[in-house]
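Residue numbers (my numbering): 40 to 241.
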């Protein structure tokens with residue numbers, strides 16, 4: 040854990056920059072005595088009250104999204120469609136309500152554990168291919184909402200892997216079911232050519 044990302048990383052003002060910088064970082068979980076982890080290769084940025092795609096749009100504040108208003112450096116987790124647990128990284132200072140969704144991870148640590156959790160044994164590309172898949176593979180649920188990323192349950196590390204701009208594609212976020220500029224704004228970032236990226240991709 041010597042390379043664990045410091046709080047200063049999460050508390051940068053620009054959530055788009057943080058979402059882009061998360062690519063190549065290593066995400067780890069230690070749940071039920073089991074270590075799993077992988078390389079983040081797809082994220083989406085959600086920019087607080089101005090962003091119609093954000094749970095915090097128009098400064099809406101609920102029991103569900105309260106963790107978005109915490110200082111950067113904690114996990115914001117919620118259940119999507121009543122099925123999928125979603126891992127978001129809260130960024131910025133307190134009350135800014137910015138967050139970056141982790142959409143896909145290339146599994147590298149505890150792959151056998153991930154296979155068992157996902158019941159997928161014939162294609163490792165599918166283990167963490169999508170936000171609901173990766174949380175299941177890593178043993179993360181809504182119960183981990185508010186987890187301090189400086190702790191030993193969920194954390195991120197910088198292992199020196201950085202992608203240049205030509206390796207990264209920016210596109211519209213997935214599942215924006217409303218009209219207007221925030222439906223197509225290119226705030227989804229992913230590693231070009233990666234077989235671990237969620238669908239759809241270019």
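Each residue gets a CB set at the ideal place from its N, CA and C atoms; glycine is no exception.
These numbers come from a predicted model, not from an experiment.
What residues in its chain sit with their C-beta under 6 angstroms from that of residue 70, if we drop five residues either side in the sequence? 178
Beta-carbon contacts of residue 213 that lie in its chain and below 8 angstroms, excluding the five residues immediately before and after: 83, 142, 227, 237, 239
What does DSSP give as the partner residue(s) for residue 76 in the beta ladder? 67, 148
Residue 222 to residue 210 span [Cα, whole Å]: 11 angstroms
Can you tell me whether residue 217 is buried or exposed, with buried defined as 16 or more other CB within 10 angstroms of its CB? exposed
Based on the DSSP secondary-structure assignment, which residues constitute the bridge partners of residue 117? 125
In three-state terms, what does DSSP make of residue 48? helix
When burial is assigned at 16 or more other CB atoms within 10 Å of the CB, is residue 120 buried or exposed? exposed
Beta carbon of residue 150 nearer than 9 angstroms to that of residue 163: yes
Pick from 79, 122, 181, 94: whose alpha carbon is nearest that of residue 137? 94
Whole-angstrom C-beta distance between residue 180 and residue 125, which should lie under 8 angstroms: With a Cβ gap of about 10 angstroms, residue 125 and residue 180 do not count as contacting.
Straight-line gap, residue 86 to residue 207 (C-alpha atoms, nearest Å): 20 angstroms
Might you give, ordered along the chain, the residues of its own chain that have their beta carbon closer than 6 angstroms to the beta carbon of residue 72, omitting 5 neighbours on each side? none
Is it buried or exposed for residue 101, if we count other Cβ within 10 angstroms and need 16 for buried? exposed
Host alpha helix (DSSP H) of residue 209 (start-end): Note, residue 209: premise wrong, no alpha helix (DSSP H); beta strand (DSSP E) at 207-210.
Starting from residue 195 and walking both ways along the beta strand (DSSP E), at which residues does that stretch end? 193-196
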